[in-house]
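Okay, so here's the structure we're looking at.
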Amino acid sequence: MTDHTTGHTTGHTTGHMTGHIINAAGCVLWRRSPAGEGIELALVYRPKWADWSLPKGKLKRGEDPRDGAVREVLEETGMTCALGPELPAVHYVDAQHRPKQVRYWAAEATGGTFTPNREVSELLWLPPEAAMQRLTHEKDRAVVSSFLDTFHKAGAGN
1 MTDHTTGHTT
11 GHTTGHMTGH
21 IINAAGCVLW
31 RRSPAGEGIE
41 LALVYRPKWA
51 DWSLPKGKLK
61 RGEDPRDGAV
71 REVLEETGMT
81 CALGPELPAV
91 HYVDAQHRPK
101 QVRYWAAEAT
111 GGTFTPNREV
121 SELLWLPPEA
131 AMQRLTHEKD
141 RAVVSSFLDT
151 FHKAGAGN
């Protein structure tokens, strides 16, 4: 069932809907701040949707979600990454009114260079608080919030 005021799917998304769900994967991509304090998160600007988002995209047929998340990060940001813990999935109805599930992972950037591309025109590295404010969609802010909880519980922020 979908709450049309928020676009979020409520309840379970298993059973008869599973075959119709669009599966996607992405990451909360992070790096140590070059200034030496704290971390920065990568946000991508998608001109087609006029939004600031987390790097993510649809899985290819038969693709493992972890592999898809790493592929999407590379395609959209030019960055290689090391996957960390899985974060809560997001369920919503897309612009074409199709149910979509996006699985997310924490991922540390390990190298690469951004080049504007067909899907993403800008990449920003921001401190977590600024990233939360810049993100267009509440569902992305919820993923970042989960990432920050996981990151701090793991002691990675020290």
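Be aware that the sequence shown starts at 1, since it is given in UniProt numbering, and climbs by one per residue.
For every residue, glycine included, the Cβ atom is placed at its ideal position computed from N, Cα and C.
This one's a predicted model, so the numbers in the text were calculated from it and none came from an experiment.
Annotation for Thr115: Gly78 place their beta carbon closer than 8 Å to its own, counting only its chain and skipping 5 residues before and after. Counting the other Cβ atoms within 10 Å of the Cβ of Trp49 gives fewer than 16, which makes it exposed.
Sixteen is the threshold: when 16 or more other Cβ atoms of the shown chains lie within 10 Å of the Cβ of Ser53, as they do, the residue is buried. When rounded, the separation of the alpha-carbon atoms in Phe147 and Ala106 is 6 Å.
Inter-residue distance for Val143 and Lys153 is about 15 Å (C-alpha atoms, whole angstroms). When DSSP assignments are scanned along the UniProt domain "Nudix hydrolase" (20–149), the uninterrupted stretches of beta strand (DSSP E) that are 3 or more residues long and fall wholly within it turn out to be 22–32, 39–46, 51–53, 56–58, 79–93, 99–112 and 122–126. The count of Cβ pairs closer than 8 Å, one atom from the region 84–93 and one from the region 38–45, stays below three, leaving the stretches out of contact. Taking a C-beta distance under 8 Å as the contact criterion, Lys100 and Ile22 qualify as a contact pair. With contact defined as three or more Cβ pairs closer than 8 Å, the region 25–37 and the region 58–69 are in contact. The alpha carbon of Pro88 has as its nearest neighbour, out of Arg103, Thr110 and Glu76, the alpha carbon of Arg103.
Rounded to whole angstroms, the separation of the alpha carbons of His20 and Ala35 is 45 Å. Pairing Pro127 with Arg118, the inter-Cα distance amounts to about 26 Å.
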